[in-house]
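Peer 1: One structure follows; several queries about it will come next.
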Amino acid sequence: MNLTTSLVVAPLVAAFLVLMVPGNFRVVTRGIALLGGLVTLLLGVAVFVRFDPSGPQYQMESLVPWVSSSSFRLGLHLGVDGVGASMLLVTALVGFSAIAVSWNIERQSKLFYILLLVMLGGALGTFASLDLFFFYFFNELALVPTFIMIGVWGTGEDKDYAAFKITLYLTAGALVALAGLIGLYTLSGASSLDLVELQRHLAKTPLSPSVQAFLFPCLLLGFGTLVGLWPFHSWAPQGYGCAPSATAMMHAGILKKAGLLALLRVALPLMPQGVERWMPVLALLCVGNLLWCGFTAMRQRDLNLLVGHSSLAHMGFAFLGIASVSVVGLTGTVLVMVSHALLAALSFAVTGWLRHHVGTLDMDKMGGLLRRMPFIGTVMVMCFMAGCGLPGFGNFAGEATVMFGAWKSAPWIVVIAAWGGLIIGGVYMLRSIRSVLHGALPEEWGAVSDAAGAWRRLPFALMAGGLLFLGVFPSTVTRRVQPALAKVVEQARPAAAKAAATGAGLVNSPKLAGTPGDR
Amino acid sequence: MNSSLIIVEILVALLGLGVLLADLWLPVERRRLLGWVAAAGVAVVFFVGMKDAAEVAYAFAAPGAKTGMYVLDGLAVFFKQFFLLAALLVILMTTEYAPKLGSGVSEFYSLVLFALLGMLFAASANDLVLLFAALELITITFVVLNSFRRDQTASIEAGVKYLILGATASAFMVFGMALVFGAAGTTNFNEMAAVQKAMGGSPIFLAGLVMVLAGLFFKMSLVPFQAWAPDVYQGSPAPATAFLAVGSKAAGVVLLLRLLFGAVPEIAARWQHVLGGLAALTILYGSLCAIPQRSIKRLLGYSSIANAGYLLLGVVAMSKAGASGVLFYVSGYLFTVLAAFTVVSVILARTESDDLSSLNGLSQRSPALAGALAVAMASLAGVPPMAGFVGKFLLLKPMVPLAAADPFLACVLVAALVGVVISMYYYFGIVRAAYWGQGVADLTPIPTSWAVRVALLIGVAGILWLGILPDALIQASTPAVEVLKPQAPVAQQHSGDR
């Protein structure tokens with residue numbers, strides 16, 4: 014079994030082991046889950062480090078035939094390119110942290126860890142799949158766990174509604190995308206959903222414009238819904254608001270990015286005419302994410318809902334990078350994906366801590382908590398600052414790169430993005446820091462406690478450290494993703510391949526790669 | 003006639019009679035044993051009696067004729083195994099439910115075996131006459147099975163409804179057969195296939211065919227012959243409902259495949275849009291009506307209507323890929339529905355109401371039952387890595403290229419996708435009740451017997467097996483549909499016969 018396969022299998026094995034332990038051995042179940050998470054994290058680091066940017070496009074591949082009847086065949090094809098390797102690492106990191114912050118789950122904890130590990134396995138499988146059927150398969154695998162986790166361990170009066178809404182919305186989006194994928198399988202004539210085979214086949218016989226006109230919107234809107242593309246976004250804040258923090262971390266941080274990866278890997282390179290026709294639409298819709306979700310975030314009084322809305326606003330940058338169809342813009346998108354995964358997970362870890370210890374997330378009732386919780390408070394300031402695009406964090410690197418990349422094709426939207434991301438984001442992020450952490454400390458919370466001990470602090474430190482690292486050394490990621498993205502742009506814009514080549518030079522130059530961190 | 007061809011049927015008939023006779027000598031307190039005997043007998047037939055059909059063989063043939071009433075081919079063997087497995091699981095489920103049935107448990111077992119006999123014949127029917135005889139055997143045994151709880155009005159009502167509506171459907175069917183025979187001069191499927199070109203323009207033949215189809219649609223509970231299903235599902239004893247949902251529906255499916263793709267493929271191809279429209283209506287009707295249900299069995303009744311629509315979708319594709327998708331889907335459905343009904347019958351054996359709220363707290367009372375129920379519901383909803391997901395994928399896959407070429411079929415496909423999303427709501431509603439239903443009064447653990455554990459283990463293992471390693475069954479279902487000759491409609495001939 015090669016590295017990628019073991020990475021995907023590790024959490025699923027851990028889930029099976031937890032299943033075998035009797036439910037009242039709580040320490041053992043948590044121990045196995047943590048160990049499984051740790052092994053996953055180490056494997057994720059190994060995959061990321063061993064990925065060689067100058068090597069072939071996909072590395073550490075494995076192919077297991079799955080269905081091979083005469084009429085139809087599919088194979089479990091796992092492997093990574095630079096984007097996959099980066100996402101796998103961050104998934105493993107968030108997964109481990111999500112297990113680590115779940116120490117306060119007491120009711121039916123065995124079931125909780127099984128579901129969480131299955132979710133983690135599904136997320137890793139999604140990012141490691143080079144076969145689109147399995148991409149869908151693994152992505153949906155995380156759906157039932159999400160539903161049950163929100164229902165059983167969720168909080169809030171309308172958690173039922175939220176659980177159903179997130180499930181139905183994601184299913185609807187995924188099904189639209191699935192129709193597109195099946196269409197790709199049959200109408201392309203490739204009779205395969207293997208990405209490598211599809212690319213090879215379509216390079217020789219491109220899809221006809223009418224087929225692209227049918228398939229591209231299916232993929233764009235289907236996968237877009239999974240990411241929370243405006244106006245199909247309303248499932249996200251509510252679902253995250255009610256979910257237990259580990260679920261919200263995994264979903265907002267990781268699973269949401271699967272749709273972006275699919276757009277990058279499938280929609281852009283395989284359907285150039287669809288790109289030409291639909292990318293302006295995507296650019297307009299992402300304004301919805303940037304402004305609409307930013308403004309709604311401003312109005313929230315519940316910290317979880319605020320974080321949920323702001324994470325949708327950040328997705329606007331990711332979409333903008335995709336809509337630019339330039340190497341710089343797409344590199345920015347990947348940077349946003351990776352750093353936002355850490356940011357969203359960290360934010361929900363912090364709000365989970367606050368909810369557990371303070372008992373409410375209503376910002377009107379909170380205040381002065383920094384005095385009682387210097388560590389958690391500092392982490393919260395860090396991640397909210399990262400959220401409004403403070404240089405030094407990964408998000409700034411990503412967002413700035415996106416804006417550089419998109420300037421040529423959509424200058425006005427870049428202006429809106431800069432304004433929306435920095436001003437609107439600044440308003441609600443800073444306001445919430447003030448109302449939660451500063452000011453007078455209400456008496457009832459005189460005794461709330463901070464994260465004490467290295468063990469409790471570890472997950473927060475890991476994620477915050479990741480954000481800082483990305484802000485200072487974004488080139489660790491950009492170096493790995495750039496060859497894959499150059500290829501995507503080449504396929505998506507055959508005419509503009511030349512312009513893309515100059516863009517690729519820009520990323521390679523030390524100027525841009527170093528700039529975001531230096532400032 | 004070579005009687006070794008129908009050895010499976012003979013064995014099952016003997017087993018049914020044996021159970022009935024044994025009842026006379028066994029003391030009352032040991033009758034529960036009969037369930038184990040019946041289950042063991044079916045298991046023996048399943049493992050020993052079934053042989054792969056090396057070549058197509060006919061029984062009940064006129065002397066010198068090349069074809070016969072009864073055919074043993076890949077498709078027949080596939081469905082015979084299916085029915086034997088279904089009966090085995092239903093009998094295991096019944097041993098748990100038996101105390102509720104009161105006196106006459108052994109008749110229940112033998113009736114299940116006789117219904118099984120009808121299904122086994124249905125799997126091999128190559129003639130309208132045998133088709134009718136097999137269906138009547140199924141219908142009449144189910145009338146008794148459905149009304150088996152004589153102490154309950156709902157159960158009697160279910161039996162009477164099934165009797166009257168079933169008899170009406172049968173009457174239509176016989177009339178249709180008479181018309182078909184009058185026009186074509188034969189009731190044999192192979193001979194009908196030879197004359198279908200000439201018969202395609204005969205209104206009498208077509209009218210007869212429509213009436214026969216109406217009878218089959220009744221069995222499968224397809225719109226517009228679906229109205230009986232919810233009432234009957236709700237009133238019948240849980241094991242009878244389960245057998246009705248799986249066995250009776252699958253008998254309708256195999257007969258439909260044989261009739262449409264074996265006897266009259268050219269005419270079937272002309273009806274693609276009608277069948278597609280019916281599939282879409284069935285899916286939407288079943289899904290929409292399931293939303294407000296509070297009774298678990300009634301909800302599953304509507305869900306079975308919706309699932310019949312998905313099965314018809316595989317027929318609408320008019321291709322072998324669609325037909326083998328039907329076989330896969332119905333196999334996954336077998337494990338899924340039986341796992342679900344096993345859980346339901348365990349719970350119903352303890353409470354009188356089958357309201358959704360009786361599931362509340364199940365995850366604390368018995369994590370295993372709750373887990374099995376969640377797996378079954380996820381499979382019904384079509385979530386990977388369950389059998390239902392692969393099944394839906396295989397059914398939808400041949401539809402997508404058709405939908406790209408034909409706006410009407412595109413609407414059918416959209417209806418099917420909408421149905422999936424709606425079904426998610428009510429299936430997950432059951433999961434919700436089991437995991438975080440409100441107002442739990444009773445938290446005593448639910449003990450489970452060995453029979454139930456075996457049945458659940460087979461069900462859940464089957465769901466996961468078909469969902470994670472579907473290749474074996476796909477490989478098996480591909481040769482099984484070789485005997486069928488679906489034809490693509492003329493306008494879409496270019497899309498080929500896949």
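First to last, the sequence lines map onto chains A and B. Sequential numbering from 14 applies to the first sequence in our numbering. Sequential numbering from 3 applies to the second sequence in our numbering. Glycine is no exception: its CB is placed at the ideal position from the N, C-alpha and C atoms.
(1) In the structure shown, what three-state DSSP assignment does R492 (chain A) receive?
(2) What does the alpha-carbon distance come out to for the pair K378 (chain A) and V449 (chain A)?
(3) Can you name, in chain order, every residue of its own chain whose Cβ lies under 6 Å from the Cβ of V349 (chain A), other than the five neighbours on each side?
(4) Could you tell me the alpha carbon to alpha carbon distance between M376 (chain A) and R314 (chain A), rounded to whole angstroms?
(5) So V165 (chain A) contacts chain B; which residues on that side make the cut at Cβ distance below 7 Å?
(6) Using beta carbons (cut-off 8 Å, strictly below), is I476 (chain B) in contact with chain A?
(7) Applying the criterion that 16 or more other CB atoms from any shown protein chain within 10 Å of the CB defines a buried residue, is P472 (chain A) buried or exposed?
(8) Does A463 (chain B) pass the burial test, meaning 16 or more other C-beta atoms within 10 Å, or should it be called exposed?
(9) Between B:Y428, B:S368, B:P400, which has its C-alpha nearest Q121 (chain A)'s C-alpha?
(10) Pull up the distance between the alpha-carbon of G167 (chain A) and that of S323 (chain A), whole angstroms please.
(11) In chain order, what residues of the same chain have a beta carbon less than 7 Å from the beta carbon of G70 (chain B), not counting five sequence neighbours either side?
(12) Do G88 (chain A) and V77 (chain A) come within 8 Å of each other at the CB atom, strictly closer than that value?
(13) Whose C-alpha, out of A:P387, A:Y174, A:S488, A:T373, is nearest the C-alpha of G407 (chain A)?
(14) Considering only DSSP beta bridges, list what H90 (chain A) is partnered with.
(15) Against P472 (chain B), what residues of chain A qualify as contacts under a CB-to-CB distance less than 7 Å, listed in chain order?
(16) With a CB to CB cut of under 8 Å and the five nearest residues on each side skipped, what residues in its chain are close to L22 (chain B)?
(17) Report all residues from its chain with a CB closer than 7 Å to the CB of V454 (chain B); omit the five preceding and five following residues, and keep chain order.
(18) In or out: Q72 (chain A) buried (at least 16 other Cβ within 10 Å) or exposed?
(19) Counting only beta-carbon atoms, is V157 (chain A) nearer than 8 Å to chain B?
(20) Just checking: is the beta-carbon of V21 (chain A) within a distance shorter than 8 Å of some beta-carbon in chain B?
(21) For V58 (chain B), does the three-state DSSP call read helix, strand or coil?
(22) Apart from the five residues just before and just after L200 (chain A), which ones in its own chain have a Cβ nearer than 6 Å to its Cβ?
(23) Taking all protein chains shown into account, do 16 or more other C-beta atoms lie within 10 angstroms of the C-beta of G264 (chain B), making it buried, or fewer, making it exposed?
(24) For Y429 (chain B), tell me which candidate among B:L375, B:G202, B:L486 has the shortest Cα-Cα distance.
(25) Grab the span of the beta strand (DSSP E) containing Y72 (chain B) for me, first residue to last.
(26) Which same chain residues, not among the five before or five after W305 (chain A), have their C-beta less than 7 Å away from its C-beta?
(27) So which residues of chain B does I161 (chain A) contact, with C-beta pairs closer than 8 Å?
(28) My guess is that N302 (chain A) and A275 (chain A) are in contact by the Cβ rule of under 8 Å, so how many angstroms apart are they, rounded?
(29) Between which two residues does the alpha helix (DSSP H) carrying A200 (chain B) extend?
(30) Since K251 (chain B) contacts A308 (chain B) with CB under 8 Å, what's their CB separation in whole angstroms?
(31) Rank A:H369, A:I335, A:A431, A:W425 by C-alpha distance to the C-alpha of L498 (chain A) and give the top, closest one.
(32) Closest by CA to F236 (chain A), which one among A:V300, A:Y149, A:L102, A:R312?
(33) Does any CB atom of chain A fall closer than 8 Å to the CB of M426 (chain B)?
(34) How would you list, in chain order, the residues of chain B whose beta-carbon sits under 7 Å from the beta-carbon of F330 (chain A)?
(35) Answer with buried or exposed for A173 (chain B), where buried requires no fewer than 16 other C-beta atoms within 10 angstroms of its C-beta.
(36) Helix or strand or just coil, what does DSSP make of A453 (chain A)?
Peer 2: For this structure:
(1) Counted from its first residue, the first sequence places residue 492 (chain A) at position 479. Of the three classes helix, strand and coil, the one that applies to R492 (chain A) here is helix, per DSSP.
(2) For the purposes of this step, residue 378 (chain A) is taken as the residue at position 365 of the first sequence. For the purposes of this step, residue 449 (chain A) is taken as the residue at position 436 of the first sequence. If you take the alpha carbons of K378 (chain A) and V449 (chain A), they lie about 8 Å apart.
(3) Position 336 of the first sequence, counted from the start, is the residue given in the question as residue 349 (chain A). Closer than 6 Å at the Cβ level, and outside the excluded window around V349 (chain A), lie F330, A331, G411.
(4) Here residue 376 (chain A) corresponds to residue number 363 of the first sequence, with the count starting at 1. Here residue 314 (chain A) corresponds to residue number 301 of the first sequence, with the count starting at 1. The alpha-carbon atoms of M376 (chain A) and R314 (chain A) are separated by roughly 6 Å.
(5) If you number the first sequence from 1, residue 165 (chain A) lands on position 152. Within 7 Å Cβ-Cβ: Y437, W438.
(6) Walking along the second sequence from the start, residue 476 (chain B) turns up at place 474. Taking Cβ atoms only, chain A reaches closer than 8 Å to I476 (chain B), which makes this a yes.
(7) To locate residue 472 (chain A), count along the first sequence from 1; it is residue 459. Answer is buried; the Cβ neighbour count reaches 16.
(8) As a first step, residue 463 (chain B) must be located in the second sequence, where it is residue number 461. Counting Cβ neighbours within 10 Å, A463 (chain B) comes out exposed, since fewer than 16 surround it.
(9) In the first sequence, the residue the question calls residue 121 (chain A) occupies position 108. Comparing Cα-Cα distances from Q121 (chain A) to each of B:Y428, B:S368, B:P400, the minimum goes to B:S368.
(10) Counting from 1 along the first sequence, the entry for residue 167 (chain A) is found at position 154. Counting from 1 along the first sequence, the entry for residue 323 (chain A) is found at position 310. Those two C-alpha atoms are separated by around 21 Å.
(11) One-based indexing of the second sequence puts residue 70 (chain B) at position 68. The residues are Y60, A61, F62, A63, N128.
(12) Sequence index remark: in the first sequence, residue 77 (chain A) carries index 64 (1-based). Sequence index remark: in the first sequence, residue 88 (chain A) carries index 75 (1-based). Their beta carbons are under 8 Å apart, which means V77 (chain A) touches G88 (chain A) by this criterion.
(13) Reading the first sequence from its first residue, position 394 is the one you call residue 407 (chain A). If we check each option's Cα against that of G407 (chain A), A:S488 comes out closest.
(14) As a working mapping, residue 90 (chain A) is identified with position 77 in the first sequence. Partner(s): A:L76.
(15) For this step, residue 472 (chain B) is matched to residue 470 along the second sequence. Simply V80.
(16) Here residue 22 (chain B) is taken as the residue at index 20 of the second sequence, counted from 1. So the qualifying residues of the chain are S108, E109, S112.
(17) Here residue 454 (chain B) refers to the residue found at position 452 of the second sequence. Here the set comprises E98, T344, V348.
(18) What you label residue 72 (chain A) is simply residue 59 of the first sequence in a count that begins at 1. So Q72 (chain A) ends up on the buried side.
(19) As a position in the first sequence, residue 157 (chain A) is number 144, starting the count at 1. Answer yes: the Cβ-Cβ gap between V157 (chain A) and chain B drops below 8 Å somewhere.
(20) Here residue 21 (chain A) is taken as the residue at index 8 of the first sequence, counted from 1. Cβ-Cβ to chain B under 8 Å: no for V21 (chain A).
(21) For the purposes of this step, residue 58 (chain B) is taken as residue 56 along the second sequence, with counting starting at 1. In this structure, V58 (chain B) counts as coil in the three-state DSSP scheme.
(22) Within the first sequence, the letter at position 187 stands for residue 200 (chain A). Result list for L200 (chain A): V224, in chain order.
(23) Looking up residue 264 (chain B) in the second sequence gives position 262. With 16 or more Cβ atoms within 10 Å of its Cβ, G264 (chain B) is classed as buried.
(24) One-based indexing of the second sequence puts residue 429 (chain B) at position 427. Considering only alpha carbons, the answer is B:L375.
(25) Numbered from its first residue, the second sequence carries residue 72 (chain B) at position 70. It spans 72-74 - the beta strand (DSSP E) in which Y72 (chain B) sits, taken as one unbroken run.
(26) To locate residue 305 (chain A), count along the first sequence from 1; it is residue 292. The residues are W243.
(27) In the first sequence, the residue the question calls residue 161 (chain A) occupies position 148. Those within 8 Å of I161 (chain A) in chain B are A376, V433, Y437.
(28) Here residue 302 (chain A) refers to the residue found at position 289 of the first sequence. Here residue 275 (chain A) refers to the residue found at position 262 of the first sequence. Incorrect: roughly 17 Å between the Cβ atoms, too far for contact.
(29) Counting from 1 along the second sequence, the entry for residue 200 (chain B) is found at position 198. Where A200 (chain B) is concerned, the enclosing alpha helix (DSSP H) stretches over 191-201.
(30) Residue mapping note: residue 251 (chain B) aligns to position 249 of the second sequence, counting from 1. Residue mapping note: residue 308 (chain B) aligns to position 306 of the second sequence, counting from 1. Contact doesn't hold; Cβ gap of about 12 Å is too wide.
(31) Against the first sequence, residue 498 (chain A) aligns to sequence position 485. Here the closest residue by C-alpha is A:I335.
(32) For the purposes of this step, residue 236 (chain A) is taken as residue 223 along the first sequence, with counting starting at 1. When each option's Cα is compared against that of F236 (chain A), the closest is A:Y149.
(33) If you number the second sequence from 1, residue 426 (chain B) lands on position 424. Answer yes: the Cβ-Cβ gap between M426 (chain B) and chain A drops below 8 Å somewhere.
(34) Locating residue 330 (chain A) in the first sequence gives position 317, where the first residue counts as 1. Going along chain B, no residue has its Cβ under 7 Å from F330 (chain A), so there is no contact; the nearest lies around 30 Å.
(35) Along the second sequence, one-based indexing puts residue 173 (chain B) at 171. Its Cβ having fewer than 16 others within 10 Å, A173 (chain B) is exposed.
(36) Counted from its first residue, the first sequence places residue 453 (chain A) at position 440. DSSP places A453 (chain A) in coil when its eight states are reduced to three.
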